[in-house]
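Accompanying notes for the structure given below.
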Amino acid sequence: MTTHSLKPIVHGIFDKATGTVTYIVHHGIGSACAIIDSVLDYDPKSGRTTTTSAEKVVEYVNEHRLKVEWILETHAHADHVSAAPYLKKHSGGKIAIGDHITQVQKVFKGVYNLETEFKEDGSQFDYLLISDEEFKVGELVGKVLFVPGHTPACVAYQFGDAVFVGDTLFMPDVGTARCDFPGGDARTLYASTRKILSLPGETRLFMCHDYPPNDRPIAFETTVAEQNAKNIHVHVGITENQFVEMRTRRDATLEMPVLILPAVQINIRAGELPPSEDNGVSYLKIPLNTL
Numbered sequence: 021m022t023t024h025s026l027k028p029i030v031h032g033i034f035d036k037a038t039g040t041v042t043y044i045v046h047h048g049i050g051s052a053c054a055i056i057d058s059v060l061d062y063d064p065k066s067g068r069t070t071t072t073s074a075e076k077v078v079e080y081v082n083e084h085r086l087k088v089e090w091i092l093e094t095h096a097h098a099d100h101v102s103a104a105p106y107l108k109k110h111s112g113g114k115i116a117i118g119d120h121i122t123q124v125q126k127v128f129k130g131v132y133n134l135e136t137e138f139k140e141d142g143s144q145f146d147y148l149l150i151s152d153e154e155f156k157v158g159e160l161v162g163k164v165l166f167v168p169g170h171t172p173a174c175v176a177y178q179f180g181d182a183v184f185v186g187d188t189l190f191m192p193d194v195g196t197a198r199c200d201f202p203g204g205d206a207r208t209l210y211a212s213t214r215k216i217l218s219l220p221g222e223t224r225l226f227m228c229h230d231y232p233p234n235d236r237p238i239a240f241e242t243t244v245a246e247q248n249a250k251n252i253h254v255h256v257g258i259t260e261n262q263f264v265e266m267r268t269r270r271d272a273t274l275e276m277p278v279l280i281l282p283a284v285q286i287n288i289r290a291g292e293l294p295p296s297e298d299n300g301v302s303y304l305k306i307p308l309n310t311l
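Taking the working numbering, I'd label the letters of the sequence shown as residues 21 to 311.
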């Protein structure tokens with residue numbers, strides 16, 4: 021029987037190069053699973069991709085005899101390239117993202133002056149998930165939480181007592197996501213953090229990234245209670261106006277992510293490369309003086 025109450029098994033695979041965690045969510049050996057926020061290795065110096073990180077996911081899936089039903093993205097990432105097409109080819113599953121991805125596609129089609137044929141309707145993905153929608157992963161039920169602010173299309177995924185927050189929150193000693201990308205908004209992000217942090221205190225929260233300060237060991241699991249008590253940006257007592265002032269001031273000092281130029285161009289296509297040109301090669305664009 022499919023249920024909301026099952027406590028899922030969560031396996032995280034950390035990619036040191038991008039600070040990204042890919043998750044496999046399932047209910048035991050031989051069960052169905054979902055993969056969340058996968059990584060395709062990309063070398064910005066050579067423009068070459070490799071599949072070392074994605075192969076670790078496939079290895080885990082095969083070792084536990086899992087059936088991949090969903091390959092989920094929390095948003096169109098700016099800091100790593102998605103391995104969704106590779107995983108779909110080797111393990112199956114439907115590639116899905118929140119339905120507000122269409123807003124992001126529209127913005128970046130203009131920023132990158134993408135080919136006329138590029139569609140802004142999300143059709144590059146197998147499925148677009150709407151806010152509060154529920155979907156099955158074997159005996160587990162996933163629920164979509166709409167949490168914009170970092171981007172206008174961010175979602176989190178809840179399976180039982182586990183929530184995968186994307187970039188909305190980081191570990192308590194790191195804080196929250198930046199809001200200075202196109203369509204981002206600090207006030208909106210504050211509301212999204214409160215949505216997540218209003219869940220029961222024992223709810224497990226899984227971060228998409230970890231950038232540990234002071235040489236702390238990598239960590240990517242916390243709880244609602246711990247975030248409310250200790251998150252340096254949104255602990256209990258921080259007002260909306262205080263958060264907006266802090267976030268706006270801090271964002272003005274941040275550099276762009278190293279992989280933002282290739283990552284966004286690829287990730288708004290559900291991880292596919294741009295169409296090959298007449299010489300059979302795909303190219304990424306570098307817009308000058310626009311970002």
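Just so you know, even glycine gets a beta-carbon here, dropped at the ideal spot from N, CA and C.
Item	Value
Looking at the secondary structure, which residues open and close the beta strand (DSSP E) in which residue 68 lies?	68-70
What residue from 206, 209, 28 has the CA that sits closest to residue 156's CA?	28
With DSSP as the reference, label residue 249 as helix, strand or coil.	helix
Just reading off the beta strand (DSSP E) that residue 128 is part of, what are its end residues?	That residue, residue 128, is in no beta strand (DSSP E); its alpha helix (DSSP H) goes 121-132.
Using 8 Å as the cut-off, can you tell me whether the segment 214-223 makes contact with the segment 268-287, which would need three or more C-beta pairs spanning the two stretches below that distance?	no
Here's a check: name, in chain order, each residue in its chain whose Cβ is nearer than 6 Å to the Cβ of residue 35, leaving out the five neighbours to either side.	59, 73
Pick helix, strand or coil for residue 80, following the three-state DSSP scheme.	helix
Which residues in the same chain have their Cβ closer than 6 Å to the Cβ of residue 305, if we skip the five residues on either side of it in sequence?	132
For the segment 183-232, list the alpha helix (DSSP H) runs that are entirely contained and at least 4 residues long, ordered along the chain.	206-217
Using the rule of at least 16 other Cβ atoms within 10 Å of the residue's Cβ for burial, across every protein chain shown, is residue 68 buried or exposed?	exposed
So is residue 274 buried or exposed if we call it buried at 16+ other beta carbons inside 10 Å?	exposed
Helix, strand or coil: how does DSSP classify residue 263 here?	helix
If contact is defined by three or more beta carbon pairs under 8 Å, each pair taking one atom from either stretch, is the segment 244-256 in contact with the segment 185-198?	yes
Let's see if you can read the secondary structure: which residues bound the alpha helix (DSSP H) around residue 109?	104-111
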